[in-house]
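These notes are about the structure you will find just below.
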Amino acid sequence: NLIQDVPTRWNSTFLMLERTKEQVDAINETLFDRRLNRKYENLNLDLAEKEMLNEAVFILQPFYDATVELSGSKYSTLSIVIPVFQGLINLLETEMSDSGFSVALNKVLKHNTIGYMSKTKLFVKFLEAKKKEYVNIAKNKIRSIADDFPENLKQNLKLNESNTVTRLTQIDQSVMETNSKNRLQLFDFNKDFEAKKTFVKLSHLDKELYRYNLEPSKNSDPLIFWKANKENFPILFQIFIRIFSIPATSVPSEQLFSAAGYSIWDRRNKIKPEIVNKVLTIYQNLP
Numbered sequence: 001n002l003i004q005d006v007p008t009r010w011n012s013t014f015l016m017l018e019r020t021k022e023q024v025d026a027i028n029e030t031l032f033d034r035r036l037n038r039k040y041e042n043l044n045l046d047l048a049e050k051e052m053l054n055e056a057v058f059i060l061q062p063f064y065d066a067t068v069e070l071s072g073s074k075y076s077t078l079s080i081v082i083p084v085f086q087g088l089i090n091l092l093e094t095e096m097s098d099s100g101f102s103v104a105l106n107k108v109l110k111h112n113t114i115g116y117m118s119k120t121k122l123f124v125k126f127l128e129a130k131k132k133e134y135v136n137i138a139k140n141k142i143r144s145i146a147d148d149f150p151e152n153l154k155q156n157l158k159l160n161e162s163n164t165v166t167r168l169t170q171i172d173q174s175v176m177e178t179n180s181k182n183r184l185q186l187f188d189f190n191k192d193f194e195a196k197k198t199f200v201k202l203s204h205l206d207k208e209l210y211r212y213n214l215e216p217s218k219n220s221d222p223l224i225f226w227k228a229n230k231e232n233f234p235i236l237f238q239i240f241i242r243i244f245s246i247p248a249t250s251v252p253s254e255q256l257f258s259a260a261g262y263s264i265w266d267r268r269n270k271i272k273p274e275i276v277n278k279v280l281t282i283y284q285n286l287p
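FYI, in UniProt numbering the residues of the sequence shown are 1 to 287.
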């Protein structure tokens, strides 16, 4: 059977094109059926249209795979948005044909894909210590992105003033008194980091970002990492628990709270809607 394109259904356009590609010969044969008096022969797909169909399916296949990956419900999905869409952008730049149709479709898809690179998605990827290397695509933006979160945390989570991001401009004179204090002991991770002669105190968030950047990428579950390090990175941990569990798509919610089977109207069922509602009420209240 052919698949209909439904605007409100995920991936329905791709699935429609894919099924049409599989059944294109049968479709053309049906359109030429004598019993239809050749009434629909103008809808026959010619060679050029078949080629466009094949190209569209080829280009959209990775987007279908990406959508399926981002629609999961048993793992964090917001943190994989950046690598998934960066992979799509790289694919669009390297593996597409030079035909006019492919170039035009490629341009539209790339433009729409870049729009998904939001600050929240970028920062939540940064907080996933498992694969911080993905943030290299925009590492220069991390500091400016991080600035937005503490103020929101202060307002929404009522953090103490001492835990907010306020850069101190006072020079710590005690650091310059002795050579032994010319090291940033706070950042001692088997390496020595030279302290500047005029050391300016870092804000709490600056310190956390600095130390977090020194953490090697880990293949462990990010939930386990942050559970073990919530005391080491208290501000980043507050950001983590606030945004990490946000689903990348609405699919899990739609599946959980779907009301499709309860939509009744006179064109769908011969039973009067009032009767159907009574039946559903009884059904829903049965033990």
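Even glycine gets a Cβ: it sits at the ideal position worked out from N, Cα and C.
None of the values given here were measured: they were computed from a predicted structure.
{"Query": "Alpha carbon of L2 to alpha carbon of D46, nearest angstrom", "Result": "19 Å"}
{"Query": "Helix, strand or coil at F32 [DSSP, three-state]", "Result": "coil"}
{"Query": "Residues of its chain near V24, where Cβ-Cβ distance is below 8 Å and the 5 sequence neighbours each way are ignored", "Result": "L45, K50 and L53"}
{"Query": "Supposed close pair V124, L78 - CB separation, criterion 8 Å", "Result": "5 Å"}
{"Query": "Residues near L248 in its chain [Cβ-Cβ closer than 7 Å; skip 5 each side]", "Result": "First, the amino acid is wrong: residue 248 is Ala here, not Leu. Answer for A248: L70, T77, L78 and V81, listed in chain order."}
{"Query": "8 Å contact criterion, which L60 and L92 should meet: CB distance rounded", "Result": "That belief does not hold up - the Cβ atoms of L60 and L92 are roughly 11 Å apart, past 8 Å."}
{"Query": "Outcome for I224 when other beta-carbon atoms lying within 10 angstroms are tallied against a minimum of 16", "Result": "exposed"}
{"Query": "From S220, A228, F233 and T94, residue whose alpha carbon lies closest to that of N213", "Result": "F233"}
{"Query": "When Y64, T94 and N285 are compared against T13, the one with the closest alpha-carbon", "Result": "Y64"}
{"Query": "Close-in-space but distant-in-sequence residues of the same chain around L157 (CB under 7 Å, 5 per side omitted)", "Result": "Residue confidence for L157 is low, a pLDDT of 46 falling below 50, so the modelled location carries little weight; the figure read from the coordinates is stated next. Taken in chain order, the residues that qualify are Q238."}
{"Query": "Residue closest to P252, alpha-carbon to alpha-carbon, out of V68, V57 and K107", "Result": "V68"}
{"Query": "Segment limits, alpha helix (DSSP H) that includes residue 290", "Result": "In the structure as shown, the chain begins at 1 and stops at 287. Residue 290 is therefore absent and cannot be evaluated."}
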